[in-house]
Amino acid sequence: MTLAEGVWHQIFSFDNYGELLALVRNSLIAGAALGLVGGLAGVFVIMRDLPFAVHGISELSFAGASAALLLGVNIVGGSIVGSLLAAGAIGALGARARDRNSAIGILMPFGLGLGVLFLALYKGRAANKFGLLTGQIVAVDTPQMTWLLGTSALVLVALVVIWRPLTFASADPDVAAARGVPVRGLSFAFMLVLGLTVALSVQVVGALLVLTLVVTPAAAAARVTASPVLLPLLSVVFAVLSVEGGILLALGSSIPISPYVTTISFSIYALCRLAGAYRTRRWGDRRTVPQPA
312 MTLAEGVWHQ IFSFDNYGEL LALVRNSLIA GAALGLVGGL AGVFVIMRDL
362 PFAVHGISEL SFAGASAALL LGVNIVGGSI VGSLLAAGAI GALGARARDR
412 NSAIGILMPF GLGLGVLFLA LYKGRAANKF GLLTGQIVAV DTPQMTWLLG
462 TSALVLVALV VIWRPLTFAS ADPDVAAARG VPVRGLSFAF MLVLGLTVAL
512 SVQVVGALLV LTLVVTPAAA AARVTASPVL LPLLSVVFAV LSVEGGILLA
562 LGSSIPISPY VTTISFSIYA LCRLAGAYRT RRWGDRRTVP QPA
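Heads up, the sequence shown is in this note's numbering, so the first residue is 312 and it goes up one at a time.
Structure, rendered in structure tokens:
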């Protein structure tokens, strides 16, 4: 076998694929739930210009998961605690973008440093450490799936309750405040919802690549539509395709799940950006929502 063939076999290997498929049943279910909540939350991340906040929350989520791994308790629970602490701190410390970004810049290295410390103290399997950073596809056992599905349901209920006023507050906060919409309260509530969403994402793609599920699908959808119905729908479809496709491609390969998920997600974004550019040249840009870079 040549070097090229060996590398190709590492990236795409379908030996005993049918037998291995049964091992990721829980991961496929969790991935679908994650794609749903990540796609919906991502719409507001784009509208409110919060990609940097997602990255900051993921660092504290990583620290919480690392602490849980060290203590031998539920990793999903630790990840959720870390995410909520970060989201609450960001929401409380800075309503304005400048203040918020300063707070995130302070929290990120602190969370990453704590996470590295906890992993250095952990003497268990190295795969468990690596998985918190890059994701795992067979690590979702039944107790973890219960946590993941329960938290996903909570996020969905919260988004349904605040969807309309949050959309108004995100599109025009000054007018929304003038009409009595609790803009500051909604902002804080959404940060907590975002914290839960990030904690879920860390379990599948790892702390380093959360943006690919919480930001990229919504950014891709925003390139091709501004419809209040199609935008969240496409965002969810893109997120589910990315995580489910990544799981299925990574199955049986020695490569972690994250490169597959990120490649699919980026490819979708690139195609949507090209489609959006073509539409702009031909018909003009009629979108009414702010567009990502």
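Where is the CB? At the ideal position from N, CA and C, for every residue including glycine.
- Between P454 and the set S338, S578, V551, the nearest pair of CA atoms involves S338.
- Counting only runs that start and end inside the region 497-527, the alpha helix (DSSP H) elements of at least 4 residues fall at 522-525.
- Secondary structure at A581: helix, using DSSP grouped into helix, strand and coil.
- Within a 10 Å sphere around the beta-carbon of S564 sit 16 or more other beta-carbons, which makes this residue buried.
- Annotation: the continuous alpha helix (DSSP H) that includes I558 extends over 541-561.
- Around the beta-carbon of L507, 16 or more other beta-carbon atoms lie within 10 Å, marking it buried.
- Closest option to L585, judged by alpha-carbon separation, among P567, F501, A530, V365: A530.
- Just measuring C-alpha positions, the residue of M456, T536, V516, H366 sitting nearest I415 is H366.
- When rounded, the separation of the alpha-carbon atoms in R336 and A488 is 46 Å.
- Taking a contact to require three or more Cβ pairs closer than 8 Å, the region 378-394 and the region 544-557 do not qualify as touching.
- For the 8 Å CB-CB criterion, L371 and S394 form a contact.
- Only residues of its own chain outside the window of five on either side were considered, and among them A529, A530, A533, P603 have a CB closer than 6 Å to the CB of I357, listed in chain order.
- Membership of R336 in the alpha helix (DSSP H) is indicated by the continuous run 336-358.
- Distance check between S578 and each of T591, R592, A550 places A550 closest, using alpha-carbon atoms only.
- D483 sits in coil when the DSSP states are folded into three classes, being neither helix nor strand.
- Of the other Cβ atoms in all chains shown, fewer than 16 fall within 10 Å of the Cβ of R490; this residue is therefore exposed.
- Nearest in C-alpha terms to S569, of all of S553, C583, L582, Y580, is S553.
- Taking 8 Å as the upper bound for CB-CB distance, L522 and L459 are not in contact here, some 19 Å apart.
- Annotation: the continuous alpha helix (DSSP H) that includes A376 extends over 362-382.
- Secondary structure of N385 (DSSP, three-state): coil.
- The C-alpha of L545 lies about 28 Å from the C-alpha of F373.
- Between A364 and I401, the C-beta gap is smaller than 8 Å, which places the two residues in contact.
- If you ignore the 5 residues before and after T462, its C-beta comes within less than 8 Å of the C-beta of V387, I391, L507, A510, L511, all in its own chain and listed in chain order.
- Beyond the five residues adjoining it in sequence on each side, L332 comes within less than 7 Å, by CB distance, of L562 in the same chain, given in chain order.
- Rounded to whole angstroms, the gap between the alpha carbons of A397 and D483 is 26 Å.
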